[in-house]
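So the sequence shown is numbered by our numbering: it starts at 138 and just counts up by one.
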Amino acid sequence: MPKRKNPERARFAESDRVDALAAVMPDVFRVFECAQVTHRGTSFPIFGVVIGSEDRTRPTFGLFGGVHGVERVGTHVVLTFLESVAARLRWDKDLRRTLRKTRIVSMPMVNPVGVYARTRSNGRGVDLMRNAPVEAERSPPWLVGGHRISRHLPWYRGSVELEAESRALVDFVRTEMFPSRAALGLDIHSGFGMRDRLWYPYAKTRRPISRMDDVLALARLLDRTHPHHVYLVEAQSESYTTHGDLWDYLFDSAEAEREPSQLFLPFTLEIGSWRWIKKDPTRIFSRSGPFNPMTPHRYDRTMRRHLLLLDFFLRAARNHRAWRPGNVGVDQASRSADPSSCIETLDSVDHRSAPCGAAEAQWAPPTTLARPESEI
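Rendered as structure tokens:
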């Protein structure tokens, strides 16, 4: 009997960029194959990237893209950030020191078949973000919230078993993020809304998650650090609810399996791509147009627009003791004695209304000046 040939590996622009990362400083930048899926006789590896400390208990920033293949902009933002880190590691001693005690872990392209074929689903017609064993507490929007009618319809959940890509993501997060004492995750999507949103769990219910104190603390930290940022921070269920959300599944798993002192907090960056359609309505007739910036200047703007946020998440994970409720980043007595050491923490005052050290009212998101969509 003739030997069956191994399937040829797919080659396309995004996979070539992942390959290029594998050649960068292998002592610091580790790229490995998490899983492999085959589609129409072609092999599609799913790669993981780990940068920095090999100690998995260290603070960790997890970055993910390409869960929905047609939303290529997510994979591109992830790769742009990782390429920037690789370039900085050649000259930035401060970043090198940071990464001795911190970790960046990433799956830039969770659904490589979808990225290659420009489809939302994987090669089996399954929407990976409806594939987890999680049921919405109330009926989500018909079809959009996930269904098991047919794989030929969008938002198909698949069977009760996790798809290979979903399993690869779950295993990667469990291995690389669950052991950490503080892990922040960011999964990048597009295709919804006029505004960029930062979603936190849940998608399955409007009930608040058990880590709302941490969510509010991180939101406040973002407001203080970047008071003119463009993001709306909210639970995903404020926009719509779904079955099968992978981050709901992983968050609940982490809460059940880990110590209360450990933090695992996944966010979704939903890039508001409707503003691109508003500027050019003909994009709605293109498969990729409603999800991705098509003109060069909009693509460049999108790539640089979110780098500050990704750097913020990395630094917030690294310095989690300074902002998490119940932690004190700076000794109160030394603050009083030395005004130069007056550094705001999440238990101190709102910087807009009172000096450092004053008593504060309950936090609320800041009021920002309204700006035209063209400016943000």
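Backbone N, C-alpha and C define an ideal beta-carbon position, used for all residues, glycine too.
Given the structure is predicted, the values throughout are model-derived calculations rather than measurements.
Here residue 290 carries a coil assignment [DSSP, helix/strand/coil]. Residue 402 counts as buried, since no fewer than 16 other beta carbons sit within 10 angstroms of its beta carbon. Classified as exposed, residue 433 has fewer than 16 neighbouring CB atoms from the shown chains inside 10 Å of its CB. The straight-line gap separating the alpha-carbon atoms of residue 168 and residue 191 is approximately 13 Å.
When rounded, the separation of the alpha-carbon atoms in residue 210 and residue 430 is 7 Å. Residue pairing by DSSP places residue 320 opposite 197 and 401 in a beta bridge.
Counting C-beta atoms within 10 angstroms of its own C-beta, residue 447 has 16 or more neighbours from the protein chains shown and is therefore classed as buried. Membership of residue 175 in the beta strand (DSSP E) is indicated by the continuous run 166-176.
Residue 262 and residue 204 have their alpha carbons spaced roughly 13 Å apart. Ranked by how close their Cα comes to the Cα of residue 175, the residues 358, 383 and 249 have 249 in first place. When DSSP reads this structure, residue 159 sits in no beta bridge, so it has no partner.
Boundaries of the beta strand (DSSP E) harbouring residue 337: 334-337, taken from the DSSP string. Under the three-state reduction of DSSP output, residue 299 falls in the coil class, being neither helix nor strand.
DSSP places residue 432 in no beta strand (DSSP E); its state is neither H nor E. Within the same chain, and ignoring the five residues on either side of residue 451 in sequence, the residues whose Cβ sits closer than 6 Å to its Cβ are 198. Per DSSP, reduced to three states, the secondary structure at residue 369 is strand. Secondary-structure assignment with DSSP links residue 180 through a beta bridge to 146 and 175. Between residue 334 and residue 368, the C-beta spacing is below 8 Å.
Straight-line spacing of the CA atoms in residue 231 and residue 267 works out to 40 Å. Residue state for residue 266 is assigned as helix, using DSSP reduced to three classes.
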